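S.K.:
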Amino acid sequence: MIKARAFIFDTDQTLLNTLKRFYVVFNGNLEKIGLEPLEYRDFIKKYSQDILNEVVAPLRSKGREAKLHRFWLSFLKEFRSFRTREDHLIPGVKKVLEKIYQAKIPIAVNTNCIAPISQVKEELDEFGIGKYISVIATGYEAKDELADGHHFSKKTIIKKAIAKLKIPAKDCVVVGDYFNDIKAGKALGTKTIAVLTGLTGREYALKLKPDAIIDSLAH
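With the numbering used here applied, the sequence shown covers 197 to 415.
1) Tell me which same chain residues have a C-beta within less than 8 angstroms of the C-beta of Gly335, skipping the five on either side of it?
2) So, is Asp411 buried or exposed, given that buried needs 16 or more other C-beta atoms within 10 angstroms?
3) Would you kindly work out how many angstroms separate the C-alpha atoms of Val369 and Ile301, rounded to a whole number?
4) If you draw a straight line from the C-alpha of Phe218 to the C-alpha of Asp238, how long is it?
5) Could you give the DSSP three-state label for Asn308: helix, strand or coil?
6) Which residues in the same chain have their Cβ closer than 8 angstroms to the Cβ of Ser277, if we skip the five residues on either side of it in sequence?
7) In chain order, what residues of the same chain have a beta carbon less than 8 angstroms from the beta carbon of Asn249, not counting five sequence neighbours either side?
8) Can the beta-carbon of Gly288 be found less than 8 angstroms from the beta-carbon of Leu413?
9) Relative to the C-alpha of Phe205, which candidate in Lys241, Ile329, Leu231, His346 has its C-alpha closest?
10) Using three-state DSSP, classify Ile389 as helix, strand or coil.
11) Please classify Ala359: is it buried, with 16 or more other beta-carbons within 10 angstroms of its beta-carbon, or exposed?
12) For Asn213, write down the residues that DSSP places opposite it in a beta bridge.
13) For Pro364, does the count of other Cβ atoms within 10 angstroms reach 16, so buried, or fall short, so exposed?
14) Around the C-beta of Lys258, are 16 or more other C-beta atoms found within 10 angstroms, so that it is buried, or is it exposed?
15) Can Leu361 and Ala202 be called in contact, C-beta distance under 8 angstroms?
16) When you compare the CB positions of Ile198 and Ala383, do they come within less than 8 angstroms of one another, or not?
17) Which residue wins for smallest C-alpha separation from Gly345, given the options Glu261, Leu395, Ala390, Ala253?
18) Excluding sequence positions up to five away, which residues of its chain have a Cβ less than 8 angstroms from the Cβ of Ile296?
19) Between Asp377 and the rest of its own chain, which residues show a CB-CB distance below 7 angstroms, the 5 nearest in sequence each way excluded?
20) Note down the Cα distance separating Ile313 from Val292, rounded to an integer number of angstroms.
21) Tell me Asp208's beta-bridge partners as DSSP assigns them.
22) Which class does Gly397 belong to by DSSP, given the choice of helix, strand or coil?
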């Protein structure tokens, strides 16, 4: 059993199912650069295989890394301003957060999105879970690092969450669905839990070597 003095949760596909929103914002940014939008079925297939980059810029194409960087930074700046009717809490999330909160274990939420903390707090409140959250860290606080480094890096964001919690990294557990959550948590010395609600699958999660893998927060 993993013991923790604090939990640091990713937001999208960990706490909130925002896949349809991802699809809408992704397609909108494709159109901005003159590319055809994907059909939803094709999007889900490529999302689950983690190959959406190939839609934005083909492998080995000239200037690929710079093009991907510009695309995803634009995506991250827009994402939290969108909503779709399909956005919803992942089953079991509220119950888990409530249980942690009642145990007086602080909860942090983080997101790569380049959005003010107040905007993320407003969204968490909309879904009825804001009251459980002690700390929020966003890409807005690390926008210079994201602009100059890798757009999906979470090391600075999660480091800020740990600092705000005022709890040693070794006593924190990072929970997320994507490589950047687990990679950052491990680099900072936290324990890590990979959840499979991001659709990338168990084999993908095993390669990340987290301390634990769960199907969802309901488990």
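Note that beta-carbon positions come from the ideal geometry of N, C-alpha and C, so glycine has one too.
Note that this is a predicted model, so its numbers are computed, not measured.
M.R.: In short:
1) Closer than 8 angstroms at the Cβ level, and outside the excluded window around Gly335, lie Leu272, Thr307, Asn308, Cys309, Ile310, Ala311, Leu342, Ile353.
2) Residue environment analysis places Asp411 among the exposed positions, since fewer than 16 neighbouring C-beta atoms fall within 10 angstroms of its C-beta.
3) Approximately 11 angstroms, taken between the alpha carbons.
4) Straight-line spacing of the CA atoms in Phe218 and Asp238 works out to 13 angstroms.
5) Under the three-state reduction of DSSP output, Asn308 falls in the coil class, being neither helix nor strand.
6) In the same chain as Ser277, and ignoring 5 residues on each side of it, the C-beta atoms closer than 8 angstroms to its own belong to Ala311, Gln315, in chain order.
7) The answer, listed in chain order, is Leu264.
8) Yes.
9) For the residues Lys241, Ile329, Leu231, His346, the minimum Cα distance to Phe205 belongs to Ile329.
10) Residue state, collapsed to three classes: strand.
11) By the neighbour-count rule (16 or more Cβ atoms within 10 Å), Ala359 is not buried but exposed.
12) Looking at the DSSP assignment, Asn213 forms a beta bridge with His284.
13) Exposed.
14) That one is exposed.
15) Yes.
16) No, the pair does not count as a contact, with Cβ atoms beyond the cut-off.
17) The option with the nearest alpha carbon to Gly345 is Glu261.
18) Within the same chain, Ile296 has close Cβ partners Phe203, Ile303, Tyr328.
19) Excluding residues within five positions, the ones whose Cβ falls inside 7 angstroms are Asp206, Lys350, Val370.
20) Ile313 and Val292 have their C-alpha atoms spaced approximately 22 angstroms apart.
21) Answer by DSSP bridge pairing, in chain order: Leu212.
22) Here Gly397 sits in coil by DSSP.
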